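Some notes on the structure that comes next.
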Amino acid sequence: MSEVLQTWFDRAQAQGPSLPGARAPWLANARQRSLDRFMAEGWPTTRHKDWRHTSLAFLQQQKFDGSRGTPSGFDLEALRQGQNGHWMVFVDGRFEAGLSRIGSLPEGVRIAPLAQVLAGDAGQLEASLGQAEEGGSPAALNLALAADGAYVELAARTSLDEPLHLVHIAAGAGAASFPRSVVLLGQGASATLVEHYLGSAGSFTLTNTVLRGRLERDARLTHLKVQQEHVEAFHLASVDIQQDEGSTYESHSISFGARLARNDIATRFNGRHCHALLNGLFYADGRRHVDHHTCIDHARPDSTSHEYYRGILSDSAQGVFTGRIQVRQGADGTDAIQRSDNLLLSRTARVTSQPELEIYADDVKCAHGATVGQIDEESLFYLRSRGLSEAHAHGVMTYAFAAQALQRIALEPMRRRVAATVRALLPGGSLLGDIA
Numbered sequence: 023m024s025e026v027l028q029t030w031f032d033r034a035q036a037q038g039p040s041l042p043g044a045r046a047p048w049l050a051n052a053r054q055r056s057l058d059r060f061m062a063e064g065w066p067t068t069r070h071k072d073w074r075h076t077s078l079a080f081l082q083q084q085k086f087d088g089s090r091g092t093p094s095g096f097d098l099e100a101l102r103q104g105q106n107g108h109w110m111v112f113v114d115g116r117f118e119a120g121l122s123r124i125g126s127l128p129e130g131v132r133i134a135p136l137a138q139v140l141a142g143d144a145g146q147l148e149a150s151l152g153q154a155e156e157g158g159s160p161a162a163l164n165l166a167l168a169a170d171g172a173y174v175e176l177a178a179r180t181s182l183d184e185p186l187h188l189v190h191i192a193a194g195a196g197a198a199s200f201p202r203s204v205v206l207l208g209q210g211a212s213a214t215l216v217e218h219y220l221g222s223a224g225s226f227t228l229t230n231t232v233l234r235g236r237l238e239r240d241a242r243l244t245h246l247k248v249q250q251e252h253v254e255a256f257h258l259a260s261v262d263i264q265q266d267e268g269s270t271y272e273s274h275s276i277s278f279g280a281r282l283a284r285n286d287i288a289t290r291f292n293g294r295h296c297h298a299l300l301n302g303l304f305y306a307d308g309r310r311h312v313d314h315h316t317c318i319d320h321a322r323p324d325s326t327s328h329e330y331y332r333g334i335l336s337d338s339a340q341g342v343f344t345g346r347i348q349v350r351q352g353a354d355g356t357d358a359i360q361r362s363d364n365l366l367l368s369r370t371a372r373v374t375s376q377p378e379l380e381i382y383a384d385d386v387k388c389a390h391g392a393t394v395g396q397i398d399e400e401s402l403f404y405l406r407s408r409g410l411s412e413a414h415a416h417g418v419m420t421y422a423f424a425a426q427a428l429q430r431i432a433l434e435p436m437r438r439r440v441a442a443t444v445r446a447l448l449p450g451g452s453l454l455g456d457i458a
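Written out as structure tokens, the structure reads:
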């Protein structure tokens, strides 16, 4: 056992008795099984098929402590920008009631910190937390060490009238956080969930986050995630959604920060007439690395999935997209579309796109495509001939590429906010003005 792995083992053993739900035997057993799995497998390496293009070698050498920081320098009111909705703020993986604002909730809607739910009646979460952990060894470590997160439950035919914002702030120097959220939507229920991941510069941090969701018949979940952690951060995320008949899951994964960001997103259709939209946009510069790994499991007939990812990379940044579509035997009537489009702003930027189709049914319609290219010189020449500077022309072309992903975000305040962030990040973007 390596010294770093021993550190994680010691931390789990020391924190175990004080973690929420420690007195529930099923949860203690689930945490121990997850820890055992992580200790046996360790962090994934490039020898693992799903991690072939993403190395955690540097992360494996780091020791993180359990210290918590304070969110100094964060203007949470500016983050809200006057938006309505419910806001839960987590600092280094733990709920901060003083910074949060949860308004009046409709009957049948429950929003609470996961630690509070586990401290009360942990048994109600056994179906969500007590099963064998999927998603790889990072997700297993999350279950072993998760201290808090969000618990969202909507009864049948209820709707969350305003978006729920989960703000995760990595504030402590050398801190490692393991937020875990559970979203349960009853039959015909609907909700919009927005996750913000932020961090302060100056030290290495690790965010290892997990979200597990269950959508019952005809339920609808819109899920927007914006990752803007600092340049020395490591961000590992696992999302797993189980969909019943007629349900809809809409995911928008926006990644602009972190030294290394890995996003695993999986959804499984457990009934007919399900739909999933997986929409993603990422930007990386310097030597940063961004990896999206998706899996859509068409386990039942007559369902649809649309998947669109766009990446923009400059300097010596690296991007990875692996999209897996599984169409199981008997899943006739499947209609699946997948696209990965990437724009390289330098000769040293790199991207790997890897579509994977596993089709075991006959009556299906599946299509995929991937492109990697640079800004078209003729288009640049045209814009410059109309009086635009070279920087302005580059900004127009690059933003136009990103805008196709932004247009799929129906929540207008967040679409405009993400658009403003894109303009601030992209070369020449500051010249574009206020467009969305």
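Each residue of the sequence shown is one higher than the one before, counting from 23 in our numbering. Virtual Cβ for every residue (Gly too), placed ideally from N, Cα, C. This structure is a prediction, so every number in the text was calculated from the model and none was measured.
So what does residue i bridge to, in DSSP terms?
i: N51; result: Answer by DSSP bridge pairing: none, since N51 is not bridged.
i: I334; result: Y305, L365
i: D398; result: According to DSSP, D398 bridges with nothing at all.
i: C388; result: A358
i: S199; result: T229
i: T244; result: T214, E272
i: W109; result: R123, H187
Please tell me whether residue i and residue j are closer than 8 Å, where the distance is taken between their beta carbons.
i: T76; j: H311; result: yes
i: P449; j: L367; result: yes
i: G115; j: A169; result: yes
i: H328; j: L365; result: no
i: G38; j: R55; result: no
i: T214; j: L433; result: yes
i: V204; j: Y173; result: yes
i: F256; j: L233; result: no
i: Q348; j: H390; result: no
i: P377; j: A392; result: yes
i: W65; j: Q82; result: yes
i: F291; j: A162; result: no
i: V418; j: L447; result: no
i: V440; j: I276; result: yes
i: A424; j: V444; result: yes
i: I133; j: L246; result: no
i: G157; j: S273; result: no
i: L207; j: L49; result: no
i: D385; j: G355; result: yes
i: H315; j: R350; result: no
i: L140; j: G43; result: yes
Would you decide whether residue i is buried or exposed? Buried here means 16 or more other CB atoms lie within 10 Å of its CB.
i: E380; result: exposed
i: F403; result: exposed
i: S407; result: exposed
i: D58; result: exposed
i: E99; result: exposed
i: K85; result: exposed
i: Y219; result: buried
i: T92; result: exposed
i: N285; result: buried
i: Y382; result: exposed
i: A34; result: buried
i: I287; result: buried
i: R309; result: exposed
i: F226; result: buried
i: N51; result: exposed
i: D87; result: exposed
i: P185; result: buried
Go ahead and pull the three-state DSSP assignment for residue i.
i: A144; result: helix
i: L514; result: Since the first residue of the chain shown is 23 and the last is 458, residue 514 is not available in this structure.
i: R102; result: helix
i: S275; result: strand
i: G268; result: coil
i: H252; result: coil
i: L215; result: strand
i: Q134; result: Here residue 134 turns out to be Ala, not Gln, going by the sequence shown. Here A134 sits in strand by DSSP.
i: E434; result: helix
i: A149; result: helix
i: H295; result: coil
i: D319; result: strand
i: A415; result: helix
Could you check which residue in the options has the C-alpha nearest to that of residue i?
i: F304; options: L182, Q83, A280; result: A280
i: N301; options: T370, L49, F112, L428; result: L428
i: G395; options: T370, I124, I191; result: T370
i: H252; options: G235, N230, G268, G221; result: G221
i: H190; options: V111, T420, Q35, A36; result: V111
i: R294; options: G268, E272, G308, S275; result: G268
i: Q264; options: Q146, E254, R242, H274; result: R242
i: F31; options: M436, G142, D363, E63; result: E63
i: R239; options: P185, L186, A178, S199; result: A178
i: G345; options: S401, I397, S411, T374; result: T374
i: A211; options: P201, P185, E175; result: E175
i: L41; options: P201, D72, G451, P185; result: P201
i: L136; options: A149, L121, F117; result: F117
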